[in-house]
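Participant:
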Amino acid sequence: MSSAISVSELNTQIKGLLETTFSSVYVQGEISNLTYHNSGHIYFSIKDKSSTISCVMFRGNASRLKFRLEVGAKIIISGALTVYTPRGNYQLLCNSIEPFGQGALALAYEQLRTKLQIKGYFNKALKKELPIYPKNIYVITSNTGAAIQDMKKILSVRYPLAKMILLPTMVQGESAKDQIVFNIKKADQLASKQKDSIIIVGRGGGSIEDLWAFNEEIVATSIYEANTPVISAVGHENDFVISDEVADLRASTPSNAIEISTPNINDLRIYSDNIYNEFQNRYRQILINKTNEINNLKINFEQHSFNQKFNFIQSNINQLKVNFNQVFNQVLIQKQDNIKSILTQYEYNNPKNKEKFGFAQITKNNTIIDINTLNIDDTFNIENVNYLYNCKITAKEKIS
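Start counting at 1 in the sequence shown, then tack on 191, and there's your number in our numbering.
Okay, here's the thing in structure tokens:
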């Protein structure tokens, strides 16, 4: 009869046998009993219709996991069997995990996108407007790539008035996300001290793995929390990353980011010339209008000035004098004519003038009378300058 061995020895032998035999396995199953531990380790089980096996993914491998495990999700695990000797339990030690039927990166992308959408990171109402005339453009990208050279060239031609500040950043690899976050915060802090600044985060094209740093949650959060407007310019026109949706504006390429964030200086020159010409024309027209107003006021003032009023009154006085003189002369001439007429009649009727012609004045009771009124036996007087004759009518005969 063989000698008995201890439990520890048995578990140790089982551990050696299992870990040697199943040092590399691929297992497919459905996740259950999932726990994300504070230490960074992930504990869960996978199962099928008939069996269950415990699994663990330690912090080192878990940090490289692109998507988040969820209960009920089907996965494929690459790992090895290990035995926990004190308890005699065996479990599957996970080195990597892929979603069943779907790429890990694609699943991670959809999971993060859904999470951030719920948190409001994509809310268009929260998007910040870009300044019309940016003064400072903080560019977060690699200083060795072709993207930055294209951006510099376009900016120098399109809008040289803006200043480009490059923050050299690793945009690919495991540590890229941390550098991107650090430089976004740094650029935002610098921009807070200067008005009309923007931040461009981006890189040239590449595979989904190359662009993955811009799908990281910490990068999305740093963009969302930035007070400075952020443009995401990652890859080519057909490349879409999480940072595109979180940023205030998406550019199809890094070069396009410069084009959509700056005005064309040639357009500004034309606009400036048009403004200048319009100003000149308006100024000239205003000057003409004001000159006419002044001339009209001058004429109006002259018409109503004291000199003009005095001249007007003086003219009226002169006209009155002329009218008065004319009327006076007319009246004078008329009176002179009347006097002449009276004198003429006087001369004609003066008895002294009548004596020469054989005429005398017939009176009665010292009153001149009409001789035709006398009858027979009437008495009357005939007088001239020298004599008075007493007469009596003895006969009266009518001449035919």
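Here a beta-carbon is modelled for each residue, glycine too, at the ideal position from N, C-alpha and C. Please read all numbers here as calculations on a predicted model, not as lab measurements.
Tell me the rounded alpha-carbon separation between LEU358 and PRO277.
Facilitator: Sequence index remark: in the sequence shown, residue 358 carries index 167 (1-based). Sequence index remark: in the sequence shown, residue 277 carries index 86 (1-based). Each residue's alpha carbon lies about 53 Å from the other.
Participant: Closest by CA to SER333, which one among GLN370, GLN521, GLY263, ILE309?
Facilitator: The residue labelled residue 333 in the question sits at position 142 within the sequence shown. Answer by Cα proximity: GLN370.
Participant: So ILE414 packs on ALA438, CB below 8 Å; how close in whole Å?
Facilitator: On the sequence shown, position 223 is the one that residue 414 refers to. On the sequence shown, position 247 is the one that residue 438 refers to. The distance from the Cβ of ILE414 to that of ALA438 is about 5 Å, consistent with a contact at the 8 Å cut-off.
Participant: Within 10 angstroms of the Cβ of GLU416, are there 16 or more other Cβ atoms? Answer buried if so, exposed if not.
Facilitator: As a first step, residue 416 must be located in the sequence shown, where it is residue number 225. GLU416 is exposed by the Cβ-count criterion.
Participant: In whole angstroms, what separates the C-alpha of THR603 from that of GLY292?
Facilitator: The structure shown does not extend to residue 603, since the chain is modelled only from 192 through 591, so no value can be given for it.
Participant: Between which two residues does the beta strand (DSSP E) carrying SER269 extend?
Facilitator: If you number the sequence shown from 1, residue 269 lands on position 78. Per DSSP, SER269 belongs to the beta strand (DSSP E) from 265-275.
Participant: Going by DSSP, what residues sit across from GLU221 in a beta bridge?
Facilitator: Position 30 of the sequence shown, counted from the first residue, corresponds to residue 221. Beta-bridge pairing links GLU221 to LYS238, LYS265.
Participant: Provide the residue(s) that pair with PRO290 in DSSP beta bridges, ordered along the chain.
Facilitator: Along the sequence shown, read from residue 1 onward, the residue named residue 290 stands at position 99. Paired residue(s): ILE266.
Participant: Can you round the beta-carbon distance between VAL410 and VAL372 to whole angstroms, since I take them to be within the 8 Å contact cut?
Facilitator: Stepping through the sequence shown from its first residue, residue 410 is reached at position 219. Stepping through the sequence shown from its first residue, residue 372 is reached at position 181. That pair is a contact at about 6 Å.
Participant: With three or more beta-carbon pairs closer than 8 Å as the criterion, would you say the stretch 344-364 touches the stretch 463-477?
Facilitator: no
Participant: Would you call VAL274 buried or exposed, if buried means 16 or more other Cβ atoms sit within 10 Å of its Cβ?
Facilitator: Taking the sequence shown and counting its residues from 1, one reaches residue 274 at position 83. Buried, since its Cβ has 16 or more Cβ neighbours within 10 Å.
Participant: If I follow the unbroken alpha helix (DSSP H) through GLU210, where does it start and stop?
Facilitator: Taking the first residue of the sequence shown as position 1, residue 210 is located at position 19. From DSSP, the alpha helix (DSSP H) with GLU210 extends over 198-212.
Participant: So, are the CB atoms of MET248 and HIS232 less than 8 Å apart?
Facilitator: Here residue 248 corresponds to residue number 57 of the sequence shown, with the count starting at 1. Here residue 232 corresponds to residue number 41 of the sequence shown, with the count starting at 1. In this structure, HIS232 lies closer than 8 Å to MET248 by Cβ.
Participant: According to the Cβ coordinates, are TYR350 and THR444 closer than 8 Å?
Facilitator: What you label residue 350 is simply residue 159 of the sequence shown in a count that begins at 1. What you label residue 444 is simply residue 253 of the sequence shown in a count that begins at 1. Result no, Cβ atoms of TYR350 and THR444 do not sit closer than 8 Å.
Participant: Enumerated in chain order, which unbroken segments of the beta strand (DSSP E) with a length of 3 residues or greater are wholly contained in the stretch 424-469?
Facilitator: Here no run is fully enclosed.
Participant: Ordered along the chain, which non-local residues of its own chain (more than five positions away) have a Cβ less than 6 Å from that of GLY426?
Facilitator: As a working note, residue 426 is residue 235 in the sequence shown. Answer for GLY426: GLY396, LEU402, listed in chain order.
Participant: So, is THR419 buried or exposed, given that buried needs 16 or more other C-beta atoms within 10 angstroms?
Facilitator: Sequence index remark: in the sequence shown, residue 419 carries index 228 (1-based). THR419 should be labelled buried.
Participant: Considering GLY393, what are the terminal residues of the beta strand (DSSP E) in which it resides?
Facilitator: Taking the sequence shown and counting its residues from 1, the one referred to as residue 393 is at position 202. 388-394 is the extent of the beta strand (DSSP E) around GLY393.
Participant: Could you tell me the boundaries of the alpha helix (DSSP H) in which VAL372 lies?
Facilitator: By 1-based counting over the sequence shown, the position of residue 372 is 181. Its alpha helix (DSSP H) spans residues 367-382.
Participant: Under 8 Å Cβ to Cβ from ILE346, same chain only, skipping five residues before and after it: list those, please.
Facilitator: Taking the sequence shown and counting its residues from 1, one reaches residue 346 at position 155. According to the sequence shown, residue 346 is Leu rather than Ile. Correct list, in chain order: ILE328, ALA353, MET355, ILE449, THR453.
Participant: The alpha helix (DSSP H) that contains VAL410, what's its start and end?
Facilitator: Looking up residue 410 in the sequence shown gives position 219. First-last of the alpha helix (DSSP H) with VAL410: 408-416.
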